[in-house]
Every structure is written in C-alpha cells, then in structure tokens.
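Some notes on the structure that comes next.
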Amino acid sequence: MKRLLACAGVIAAVLSAGGARAYFTAQTEVKDNVITAGTLAVSVEPTQSALSIAPLAPGETVVRTVDVANTGVLALDAVTSVAKKAGYTDFWNALTCTATADGVVLYEGPFATMRTAPLRIPAGQTARVSYAIGLPSTAGNDLQGDYVRTSLYVDAEQAH
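Numbering follows the numbering used here, with no gaps: position 152 of the sequence shown is 152.
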C-alpha cells in the first residue's frame, strides 16, 4: 500500500510538472542601446584681469563683468569666489563687493570673503555676473598706493 501511494505521488508530480510547461513564450531583442554620461564644463570671459581696477579712490565703486558659459550638456550651478595672491592685507580687507546676475544679488559684503550664492546656468547658456567693487569713503590715508592681486574662481556643480 505504501508503495502504491509513493508511486501515485511520483506520477502526479511528473504530470503536474509537465503541465506547468504547457504555456507558450516568446522573446525579442532591442539592439544597440547606448547610455552616455553627460558632461559638465564651464568657461569664463575674459580669461585674465577681469576684475582689474586702477585707480580706486575712497568712496568709489567700479563695476566689472564676467561672462560665465556652460559649455557642457548638463545644467550647472556656478559659484564664484576670490583669493588674495599678493598685496596689502589692510587694503584687501577694506574692499567691498556686490555680485549680481540679472538683477539678483548673489553676494554682498567684504570682497575678501566673497563666495556667491549658486547661479543656475542651463546647458549651452551664458550668464553675465557683475561685480561692484568699492573702497569705503572711510578708507584712511594709510591705504594710498596699496594694491592687491587676486584670482577669481568659478566652481561649477551639476544642477540637482
């Protein structure tokens, strides 16, 4: 009796397995799929002396502009900052700056600590950033003839 039950169980398993394979199937192929990573690239015009001013008098503010171009294929957020490379620290610390783009203030405060808010630039587009650099009217005679040499940095990050 046990053998008969075991044999019936094996036969039922074989029949049900064969029944599960009775469905039709099909497959097709979609060829030549290519996925390419985007690029992030930024350029600036002018490439030299963009913020140079001579002479700057107490109480005076001079505006200089820089065109920041997104030459990549992804939208980016650009942040500009400056660093002192040479010159007089007291003069550097006395300078003020207001950075704007399309009428929006990106930074306002001491030039020495300038780091603008991010500026969104779509792929293939250019943004004009203006820097109003000034020397307060309270600047003392001790700053006469002083200078500072700076570098302007444009950092770009993929917009997200």
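Glycine included, C-beta positions come from ideal geometry on N, C-alpha and C. It should be emphasised that the depicted structure is a prediction, and the values quoted were computed from it without experimental measurement.
Based on the DSSP secondary-structure assignment, which residues constitute the bridge partners of residue 70? 42
Are the beta-carbon atoms of residue 85 and residue 128 separated by less than 7 angstroms? no
Contact defined as beta carbons within less than 8 angstroms: I believe residue 139 pairs with residue 101. What is the distance between those atoms, to the nearest angstrom? The Cβ separation is near 28 angstroms, so there is no contact.
Reference residue 69; option with closest CA among 153, 122, 136: For the residues 153, 122, 136, the minimum Cα distance to residue 69 belongs to 122.
Provide the residue span of the alpha helix (DSSP H) that contains residue 94, from first to last. Residue 94 -> alpha helix (DSSP H) spans 89-94.
To the nearest angstrom, how far is it from the Cα of residue 112 to the Cα of residue 92? 6 angstroms
Are the beta-carbon atoms of residue 43 and residue 153 separated by less than 7 angstroms? no
Within its chain, find whatever has a CB closer than 8 angstroms to the CB of residue 142; leave out the 5 residues flanking it on each side and keep chain order. 90
With distance defined between alpha-carbon atoms, name the residue in 47, 98, 51 nearest to residue 147. 51
For residue 66, count neighbouring C-beta atoms within 10 Å of its own C-beta (all shown protein chains included) and say buried if the count is 16 or more, exposed if not. With 16 or more other Cβ atoms within 10 Å, it is buried.
Integer Cβ distance of residue 156 from residue 37, believed to fall under 8 angstroms: Their Cβ separation, rounded to whole angstroms, is 16 angstroms, which puts residue 156 and residue 37 out of contact at 8 angstroms.
State yes or no: is the C-beta of residue 26 within less than 7 angstroms of the C-beta of residue 159? no
Pick out whichever of 28, 137, 116, 73 has its Cα sitting closest to the Cα of residue 130. 116
Leaving out five residues before and five after residue 45 in sequence, what residues of the same chain have Cβ atoms less than 8 angstroms from its Cβ? 66, 67, 69
Inter-residue Cα distance where the pair is residue 33 and residue 71: 26 angstroms
What do you reckon, are the CB atoms on residue 126 and residue 73 nearer than 7 angstroms? no
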